[in-house]
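*Asks:* When you line the sequence shown up against the working numbering, it's residues 10 to 91, in that order.
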Amino acid sequence: NWQEKNVEVVFIALENNIEEFVNFVKPFPWVSSSTFKGWDAKAAKDYFIHSTPTLIMVDQNNKILKKPISIEHANAWINYNL
């Protein structure tokens with residue numbers, strides 16, 4: 010369980026449509042955000058996002074720790090490293 014390891018999930022969307030975004034993220038149990046600037050979003054540029062979905066694990070200083078290729082990969086990294 011990620012919460013037991015003090016890991017927070019933040020979902021950043023590259024959406025342009027507010028209504029589609031709101032409907033898509035309703036069931037998510039984590040923080041979800043979008044600037045509605047699509048691929049021109051600062052986060053997309055700052056973290057070199059070239060496809061979606063892209064998983065990036067960052068520390069509290071926004072330093073990239075890992076770019077897992079799946080949720081399973083993220084789970085394994087968290088369980089081994091934290």
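Just so you know, even glycine gets a beta-carbon here, dropped at the ideal spot from N, CA and C.
Computed from a prediction, not measured in an experiment: that's the story for all the values here.
In whole angstroms, give me the CA-to-CA distance for residue 64 and residue 75.
*Replies:* 8 Å
*Asks:* Ordered along the chain, which non-local residues of its own chain (more than five positions away) have a Cβ less than 6 Å from that of residue 91?
*Replies:* 14
*Asks:* Within the segment 45-74, note down every full alpha helix (DSSP H) run reaching 4 residues or more, in order along the chain.
*Replies:* Uninterrupted alpha helix (DSSP H) stretches at least 4 residues long and entirely within the segment 45-74 occur at 51-55, given in chain order.
*Asks:* I'd like to confirm the pairing. Which residues does DSSP put opposite residue 21 in its beta bridges?
*Replies:* 42
*Asks:* Can you tell me the Cα-Cα spacing of residue 57 and residue 31, whole angstroms?
*Replies:* 24 Å
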